[in-house]
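So the mapping is simple: the UniProt record's numbering equals the position in the sequence shown, first residue as 1, plus 1. Beneath this line is the structure, given in structure tokens, with notes to follow.
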Amino acid sequence: KNIVVLISGRGSNFKAVYETSAKEKWAEIWGIRIVGVISNRPDAAGLEFAQSVGIPTAVVDHKKYEDRESFERDLVKQIEAFRGDLVVLAGFMRVLTPYFVRQYPGRILNIHPALLPSFPGLHTHERALEAGVRIHGVTVHFVSDVLDGGEIIGQAAVPVLAGDTPDKLAERVLKKEHILYPRAIRLVACQKVRLEEGTVKMDLESS
Ligand code: GRF
């Protein structure tokens, strides 16, 4: 399986996936490789990390397109140029249309910093604190046409502690993201976890 990672910024999840894949020898054992990183922002820090470890990068700058579909058509072209077959969104801040989602059925993953279906969308940590929840966390899911609404693959929870700020909570959640996302990606890439007829099927005995 050839993974293409889509980023918009810092890229810490991409880095975690890359480092886990190297440590666990994904390429040697399962033939799973990160074959490219695409950013919609030319200044995304994650691009530099990719280059430093020899992963090909590309920028598809959404500001240069008149509408979402022409942007996405070029995104698809670039994913094809990398020969990607699994699309991993890692802090990719563009909403994808049904056109894009249709190109990769059951083959687009996203990580969302909240326990979905609570707090879809932006500013999840602020909103969790405002809502007064005592448990917060992160969700990895298949991407569907509904924003942050696809079938859930895995979640990890953290406590909300007295004195938390959005930043402190974000940091606690991010540590979990960096463990959960590589694991979920590996299981999907190995087809131990799949989307079948709209629901998640898991075959985890031997993982
Ligand atoms: C993460 O919190 C992720 O859950 C969200 O955006 C953030 C991206 O961080 N979708 P990074 O670019 O992976 O460091």
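All C-beta atoms in this analysis are idealised placements derived from N, C-alpha and C, irrespective of residue type, glycine included.
Next on the checklist: Using the three-state DSSP reduction, which class does PRO167 fall into: helix, strand or coil?
Outcome noted: As a position in the sequence shown, residue 167 is number 166, starting the count at 1. Of the three classes helix, strand and coil, the one that applies to PRO167 here is helix, per DSSP.
Checklist entry - Is DSSP giving ILE33 helix, strand or coil here? => result Here the question's residue 33 lines up with position 32 in the sequence shown. If DSSP states are grouped into helix, strand and coil, ILE33 belongs with coil.
Item to check | Which listed residue (ALA45, SER13 and ASP75) has its alpha carbon closest to that of LYS176 | outcome: Counting from 1 along the sequence shown, the entry for residue 176 is found at position 175. When only C-alpha atoms are compared, the closest one is SER13.
Checklist entry - Does at least one heavy atom of the ligand GRF sit under 7 Å from the Cβ of SER145? => result As a first step, residue 145 is located in the sequence shown; it is residue number 144 there, counting from the start. No.
Checklist entry - Between ARG108 and ILE33, what straight-line distance do the alpha-carbon atoms span, to the nearest angstrom? => result In the sequence shown, residue 108 corresponds to position 107, counting from 1. In the sequence shown, residue 33 corresponds to position 32, counting from 1. Their backbone Cα atoms lie some 14 Å apart in a straight line.
Checklist entry - So, helix, strand or coil for residue 1, using DSSP? => result There is no way to answer for residue 1, as the model of the chain reaches only from 2 to 208.
Next on the checklist: If you measure from each CB to the nearest heavy atom of the ligand GRF and keep those under 5 Å, what residues do you get, in chain order?
Outcome noted: GLY10, ARG11, GLY12, SER13, ASN14, ALA91, GLY92, ILE112 and PRO114
Item to check | Chain-order list of residues whose beta-carbon lies under 6 Å from that of GLY37 (same chain, five-residue window excluded) | outcome: The count along the sequence shown starts at 1 and reaches residue 37 at position 36. Contacts found: VAL5, PRO57 and PHE83.
Next on the checklist: List, from N- to C-terminal side, the beta strand (DSSP E) runs of 3 residues or more that fit wholly inside the region 21–69.
Outcome noted: 34–40 and 58–60
Next on the checklist: Can you check which of these residues, ASP44, PHE120 and GLY138, is closest to LYS169 by C-alpha distance?
Outcome noted: By one-based count along the sequence shown, residue 169 stands at place 168. Cα-wise, what sits closest to LYS169 is GLY138.
Checklist entry - In terms of residues, what are the limits of the alpha helix (DSSP H) holding GLN156? => result What you label residue 156 is simply residue 155 of the sequence shown in a count that begins at 1. Looking at the DSSP string, GLN156 is not in any alpha helix (DSSP H); the run it does join, the beta strand (DSSP E), is 153–160.
Checklist entry - Pick from TYR105, LYS65 and PRO43: whose alpha carbon is nearest that of VAL144? => result As a position in the sequence shown, residue 144 is number 143, starting the count at 1. Selected option, being the one with the closest Cα: TYR105.
Checklist entry - Would you say ALA45 and GLY10 are within 8 Å of each other, going by their C-beta atoms? => result Along the sequence shown, one-based indexing puts residue 45 at 44. Along the sequence shown, one-based indexing puts residue 10 at 9. Yes.
Next on the checklist: Tell me which residue opens and which closes the beta strand (DSSP E) that ARG84 is part of.
Outcome noted: The residue given as residue 84 occupies position 83 in the sequence shown. Per DSSP, ARG84 belongs to no beta strand (DSSP E) and is neither H nor E.
Checklist entry - From the DSSP output, which residues share a beta bridge with THR200? => result Along the sequence shown, read from residue 1 onward, the residue named residue 200 stands at position 199. Note: THR200 sits in a beta bridge opposite GLU197.
Item to check | Whole-Å CB distance - ILE35 paired with VAL18, under 8 Å assumed | outcome: As a working note, residue 35 is residue 34 in the sequence shown. As a working note, residue 18 is residue 17 in the sequence shown. Their Cβ separation, rounded to whole angstroms, is 7 Å, which keeps ILE35 and VAL18 in contact under 8 Å.
Checklist entry - Can you find at least 3 beta carbon pairs, one from the region 51–71 and one from the region 127–138, that sit closer than 8 Å? => result no
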